[in-house]
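In full-length UniProt numbering, the protein residues as written are 1 to 224. Here's the structure, in structure tokens; my notes come after.
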């Protein structure tokens, strides 16, 4: 890989997944990025829209500027050292949303579904998991790969089906795993996924937060 990769995310899951590709990268996190989106934006376009906004916030790095004071930096690999010019940088930004089926599917003619973000508290997490219980939902991750010369952006959708959860199962999971940093209030790689996932179509890693198969393919194209 000819680029020095910057993972613009504080997510430990994304860091773990990217490390699985055996590429050198560093983590840089800018605080206070606006992640709002237009209310009329289709639910399936939201993740890519926010990934683009995150990429825009990091463009100063491509102009040769160092990370601002509000940024935190952490090296994720010791395989390489020394500074790289901004021409060699590749910034990876991503956002993941969970899209639950509409409560009244007959009136949801456009099929947009309901976006579930990160739960604000335990009650909110219970509400989200009850919306997903016994149903099939979609997980969409939007990704932007940005260099000084070009940008590739895309989104990947995975279909996930859950069994009908018992109330105690929902409460147990929230109490013991505290999924307040996860969209949709769950991590597929955790207990709730082990006991509840009855079907999955698409990338499993996408549900965790990063479609590494597609990212790898796009990085190879950028390196040509």
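The C-beta atom is built at its ideal place from N, Cα and C for all residues, glycine as well.
Helix, strand or coil, according to DSSP, for residue 41 in the structure here? coil
The region 215-222 / the region 179-195 touching (three or more Cβ pairs under 8 Å): no
Check residue 13 in the structure and name its three-state DSSP category. helix
Expressed to the nearest angstrom, what Euclidean distance is found between the alpha-carbon atoms of residue 94 and residue 127? 25 Å
Please look up how many angstroms separate the CB atoms of residue 140 and residue 217, rounded, as I've assumed it's under 8 Å. Rounded, the Cβ-Cβ distance is 18 Å, inconsistent with contact.
Check for me: the beta strand (DSSP E) holding residue 199 runs from which residue to which? 197-201
Going by DSSP in three states, residue 95 sits in which element: helix, strand or coil? strand
Give, in chain order, every unbroken run of the alpha helix (DSSP H) that is at least 4 residues long and sits entirely within the region 131-158. none
Measuring CB to CB, does residue 122 end up less than 8 Å from residue 114? no
On the DSSP bridge assignment, give the partners of residue 62 in chain order. The partner list for residue 62 (beta bridge, DSSP) is empty, contrary to what the question assumes.
Once the 5 residues before and after residue 21 are set aside, which same chain residues still bring their CB inside 7 Å of it? 212 and 216
In whole angstroms, give me the CA-to-CA distance for residue 10 and residue 163. 31 Å
Beta-carbon proximity of residue 91 to residue 6, cut-off 8 Å: yes
Helix, strand or coil for residue 33? Go by DSSP, reduced to three states. coil
Compare the Cα-Cα distances from residue 44 to each of 159, 30 and 57 and report the closest residue. 159
So what does residue 115 bridge to, in DSSP terms? 99
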